[in-house]
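Notes follow once the structure below has been shown.
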Amino acid sequence: MKELITMWKNTRMIVLTAVTAALYAAILIPFKVGIPLVPGFTEVRPANVIPIICSLMFGPAAAWGSAIGNTIADAFGTFGLGTIFGFIGNFLYGYIPYRIYLALCKGELTAKSHLTLLRLILISIIAGLFVDLFYTLIMSGNVSIIRHVLIFLASFISTFLVLKFLSISYFLIILTASVVCGVIIGWGVHTLGMVPFSVLANIITLNNFLASGVLGPILLPALYPAVKRLGLLYTDVMDEKDRSKAHLWASILMIVSAVLALGIGNWIAIGAYDMGVLGKGFGQAVQGAGGLGLGLAPLILLIIISAVFL
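In this text, residue positions in the sequence shown follow the numbering used here: the first is 223, and each later residue adds one.
Here it is in structure tokens:
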């Protein structure tokens, strides 16, 4: 995490931060005004691919740029207390990809997977069915046939493109970053009593994953080699002494904590306390002090701790 501070003494990193923020905000604003999903909180966001690809190219500059760009965009329709958690969530959304890549991945970022076409199709079908099933459970079965088809197709296409033109590593990176962003913002806004966790966290997670899954395999293979030739990758711009080493255990903790937070958050949201699963005493105490907010607090803390050591 050291480079998040040391980058500010590097003029080119500051410029890359400004570029990321400006690009992110410029694409977010038209959709924020025109195509809201949860009015006042989130909208259709194809711009969500920007933090991912910029993180893998510009490193810490993308973390700051994503947070600043989202805050600027919020000023055009969704600015409020939730913006605080939007800043944190988007900061992590731009920070996690390059850190997990450093810890878990080897070789060229744009190296393609070696899966056969049949395996690609089978994995993509399974991913599409899983996402559709997850969405159906969250919506308590109240999903139209058309929406079933759209969710399945979007998930199938994004998974296929990622595995065909990038790698399984990229798939893991965008999944983790998307879930963390959704969980942090969904938890914060729910705790403030504005929008239910099960609504906002899931929409943000799917929004992020689909945007980066569909657009990333198109943009990254085209942009990454060009940025590398120009010597603008953060590893070329920043001195090695100004960059921190990645820790595998922190990446694993991040992935596990994020997935558990999303799953348990939705479980609580659909009535885990009412079912008596967590015990009446605990359930009553937690519900009286913010319910899901306190229930997820330990996992949110683990996400923050893993981010610090990532």
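Glycine included, every Cβ here is placed at the ideal spot set by N, Cα and C.
As the structure is a computational prediction, the values presented were derived from the model and not from experiment.
Check, Outcome
"Distance CB(G408)-CB(S420) smaller than 9 Å", "yes"
"Among A491, A529, E462, the one whose alpha carbon lies nearest that of V478", "A529"
"Short Cβ contact (9 Å threshold) for A325 with S473", "yes"
"Residue interval of the alpha helix (DSSP H) (run including F301)", "Per DSSP, F301 belongs to no alpha helix (DSSP H) and is neither H nor E."
"Helix, strand or coil at P520 [DSSP, three-state]", "helix"
"Euclidean distance between Cα positions of R465 and I367", "49 Å"
"Straight-line gap, G404 to W286 (C-alpha atoms, nearest Å)", "18 Å"
"Alpha-carbon to alpha-carbon, N270 and F253", "11 Å"
"Alpha-carbon to alpha-carbon, I425 and G501", "At G501 the pLDDT is 38, less than 50, meaning the model places this residue with poor confidence; the figure from the coordinates comes in the next sentence. Distance between the alpha carbons of G501 and I425 is about 29 Å."
"Counted within 10 angstroms of its Cβ, other Cβ atoms place G503 as buried (16 or more) or exposed", "With a pLDDT of 35 at G503, under the threshold of 50, the modelled position of that residue is not reliable, and the figure given next carries that caveat. Looking at its Cβ environment, which holds fewer than 16 other Cβ atoms inside 10 Å, G503 is exposed."
"Status (buried if at least 16 other CB within 10 Å, exposed otherwise) for A444", "exposed"
"Reduced DSSP category for H469 - H, G, I as helix; E, B as strand; rest coil", "coil"
"Buried versus exposed call for I227 [16 or more other C-beta atoms within 10 Å across all chains shown]", "exposed"
"Own chain, CB closer than 7 Å to V449, minus 5 neighbours either side, in chain order", "M279, L455"
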